[in-house]
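To convert, note that position 41 of the sequence shown is 41 in the working numbering; the numbers rise steadily by one, no gaps.
Working notes, beginning with the structure itself.
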Amino acid sequence: ASLAKVSQALPPALPSAAAAVAPQAGTLADASEDEASGSDGDDGGAPAGAPAKPAAVSRAQNLAIPEVGHVVKPVPPPPVLLPPSDDGRPAQVWVKDTTLRGVRLSSLLHFFLEHCGEIVYEDTERFLPLCQATSLARLCNNFNQVQTGRGCRELSANLYAVEQLLIRRLTADERISMSELWGGRSGVQINVFISHWWGEDFGEFCQSTYRFSLMHAKAKNPFMDRLGIAHVAAGLSFYICALSNNQWNLKAEMGECIEESPFYKVISAETTDLVVMNVDQSATALLRAWCGFEFYFTHVVGKEFLLNTKFGPLQELRPDRKIVEVWIKHMFEVLQDMDIRKARASQQDDLEMIQHRVDTFEGQGDYADQRGASGLNQIF
Numbered sequence: 001a002s003l004a005k006v007s008q009a010l011p012p013a014l015p016s017a018a019a020a021v022a023p024q025a026g027t028l029a030d031a032s033e034d035e036a037s038g039s040d041g042d043d044g045g046a047p048a049g050a051p052a053k054p055a056a057v058s059r060a061q062n063l064a065i066p067e068v069g070h071v072v073k074p075v076p077p078p079p080v081l082l083p084p085s086d087d088g089r090p091a092q093v094w095v096k097d098t099t100l101r102g103v104r105l106s107s108l109l110h111f112f113l114e115h116c117g118e119i120v121y122e123d124t125e126r127f128l129p130l131c132q133a134t135s136l137a138r139l140c141n142n143f144n145q146v147q148t149g150r151g152c153r154e155l156s157a158n159l160y161a162v163e164q165l166l167i168r169r170l171t172a173d174e175r176i177s178m179s180e181l182w183g184g185r186s187g188v189q190i191n192v193f194i195s196h197w198w199g200e201d202f203g204e205f206c207q208s209t210y211r212f213s214l215m216h217a218k219a220k221n222p223f224m225d226r227l228g229i230a231h232v233a234a235g236l237s238f239y240i241c242a243l244s245n246n247q248w249n250l251k252a253e254m255g256e257c258i259e260e261s262p263f264y265k266v267i268s269a270e271t272t273d274l275v276v277m278n279v280d281q282s283a284t285a286l287l288r289a290w291c292g293f294e295f296y297f298t299h300v301v302g303k304e305f306l307l308n309t310k311f312g313p314l315q316e317l318r319p320d321r322k323i324v325e326v327w328i329k330h331m332f333e334v335l336q337d338m339d340i341r342k343a344r345a346s347q348q349d350d351l352e353m354i355q356h357r358v359d360t361f362e363g364q365g366d367y368a369d370q371r372g373a374s375g376l377n378q379i380f
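Take a look at the structure:
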């Protein structure tokens, strides 16, 4: 892999790390020292059999990907300490305000290119990206082969694997979230809340988010040229729970009640413009209780809500190509089966709490006659 891979895959106007993420202490070290010494940095304990990282990409001209081996340890002020994490080592907080735990699109795409796969385009204008998580799939396959017979759950190329194989490794020293590692101590203001299922293919997740960003930027700036639109899209900042929350201490991140959860805080924040739900071909996100809560709470606070797919926002799709026409019909039929009352959660307490909240729903405006879970189903 070379720099050409990155420069060709990203839109011409997509900012580098220096432009997309303001330099912060603790984000990137001086790459020239590594070039001079030939050091590759610590691989942070990647699983046996994992593909080697492309050194040229990881050190080149301040891309938006900080690596464990290249992170500069910040000097005082000392970090805020959370209660001890599961292994007894304390997690840290660089950005206490949850609404400043944003992940810029540019950071997400650079991360994807370095660690997960490649990005190509269906069109010459580069408005129709395709994200293929080949490297992540190979990483999962190698991990699964090494762990055969050891009782470990097999990994697929989704956010569960990203968290276990990549996020944990890259944040191991600092015990912070990926958003803090990328954005530094000042943080990045969240514009858009992404609701999604962790089991969705990570390439599809990134492609959905990328296409939404381009369509959203174009809709907001109808007279802007494609380079300007790409630049605006690159600067959009998202709440993505796997990257915005500190995975080393989720219990403390979630708080003692739903009002203390990051989901509640970010969706209700005045600075959050809209909520986007990424759905796969089975619309699995709608079968998850927390996603159902996010849909419910979006309507309670009166925020805009969009269903988003690998082809872009469902409401904005036009059947101008056969594959999109078939996809629209497929999604319409799948969505007929969705019932928020049948959503599932990994924790029974969470499920009961969410079901209770959903039952209290009272519609507003055009939906003033809708009540409870059945009312939310009708709105959906």
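Positions of the beta carbon are idealized from the N, C-alpha and C atoms, including for glycine.
Use the C-beta contact count for residue i: other C-beta atoms within 10 angstroms, 16 or more gives buried, fewer gives exposed.
i	result
Gln378	exposed
Glu294	buried
Cys116	buried
Thr272	buried
Phe361	buried
Cys291	buried
Asp320	exposed
Glu253	buried
Ile323	exposed
Leu227	exposed
Val326	exposed
Arg318	exposed
Glu259	exposed
His195	The sequence given here places Ser at residue 195; His does not occur at that position. Its Cβ being crowded by 16 or more others within 10 Å, Ser195 is buried.
Ala368	exposed
Any idea what DSSP makes of residue i, helix, strand or coil?
i	result
Ala91	strand
Lys274	Reading the sequence as shown, one finds Leu at residue 274 and not Lys. In the structure shown, Leu274 sits in a strand (DSSP, three-state: E or B).
Ser16	For Ser16, the predicted structure reports a pLDDT of 41, less than 50, and the residue's modelled location is therefore unreliable. A value from the coordinates is still provided. Coil at Ser16, not helix or strand.
Glu118	strand
Asp201	strand
Leu307	strand
Asn245	coil
Glu154	coil
Arg321	coil
Leu236	coil
Gln207	helix
Pro129	strand
Gly228	helix
Ile190	coil
Ser177	coil
Ser213	helix
Gly312	strand
Pro77	Residue placement at Pro77 is poorly supported in this model, since its pLDDT is 39, which falls under 50; the coordinates still yield a value, given next. Three-state DSSP puts Pro77 in coil, outside helix and strand.
Ser195	strand
Arg168	helix
Arg185	coil
Ala50	Its pLDDT being 49, under 50, Ala50 is placed unreliably by the model, and the measurement read from it follows with that caveat. Ala50: coil per DSSP, three-state reduction.
Give the single residue among the options whose Cα lies nearest to the Cα of residue i.
i	options	result
Leu243	Asp173, Trp198, Asn141, Leu306	Trp198
Tyr382	Val162, Gly102, Gln207, Ala91	Past the edges of the chain, shown from 1 to 380, lies residue 382, and the structure says nothing about it.
Ile190	Trp248, Phe263, Ile167	Phe263
Arg175	Val93, Gln336, Leu105, Gly255	Val93
Glu204	Gln132, Val326, Ser261, Gln347	Gln132
Leu214	Ala269, Lys310, Val334, Val326	Lys310
Pro313	Leu227, Leu128, Ile119, Asp97	Leu128
Gly102	Gly183, His216, Met331, Gln315	Gly183
Met178	Phe111, Glu316, Leu155, Gln315	Phe111
Ala234	Pro90, Ala373, Ser107, Phe380	Ser107
Glu256	Ser282, Met353, Gln147	Met353
Ala285	Lys342, Lys251, Glu270	Lys342
Arg104	Ser237, Gln147, Glu259	Ser237
Ala219	Gly365, Gln315, Leu287	Gln315
Glu333	Gln348, Asp349, Ser282, Arg357	Ser282
For residue i, I'd like the list of residues in its chain whose CB is within less than 7 Å of its CB, leaving aside the five on either flank, ordered along the chain.
i	result
Asn158	Trp198, Gly199, Glu200, Asp201, Phe202
Ile267	Phe193, Val275, Glu294, Phe297, Thr298, Val301, Lys303
Glu163	Ala242, Gln247
Asp359	Gly372, Ala373
Cys140	Leu155, Ser156, Ala157, Ala161
Asn245	Ser177, Glu253, Pro262
Below 8 Å on the Cβ atoms is my guess for residue i versus residue j; work out the distance and round it to an integer in Å.
i	j	result
Gly363	Gln355	At roughly 18 Å, the Cβ-Cβ gap does not stay under 8 Å, so Gly363 and Gln355 are not in contact.
Tyr210	Leu136	So it is not a contact: roughly 16 Å between Cβ atoms.
Ile340	Leu376	5 Å
Identify, in the order they occur along the chain, each residue of the same chain with its Cβ nearer than 6 Å to the Cβ of residue i, setting aside the five sequence neighbours on each side.
i	result
Ala345	Ala289, Leu351
Leu166	His115
Phe380	none
Ala416	Because the chain spans 1 through 380 in this model, residue 416 falls outside it and cannot be assessed.
Asn308	Ser208, Phe212, Val276, Asn278
Asp280	Glu200
Leu306	Val276, Pro313
Thr134	Gly117
Cβ of residue i within 6 Å of any heavy atom in the ligand NAP?
i	result
Leu109	With respect to the ligand NAP, the structure offers nothing, as it holds no ligand at all.
Residues in the same chain with beta-carbon distance under 8 Å from residue i, minus the five sequence neighbours each way, listed in chain order, please.
i	result
Asn429	This structure gives no information on residue 429, because the portion of the chain shown stretches from 1 to 380.
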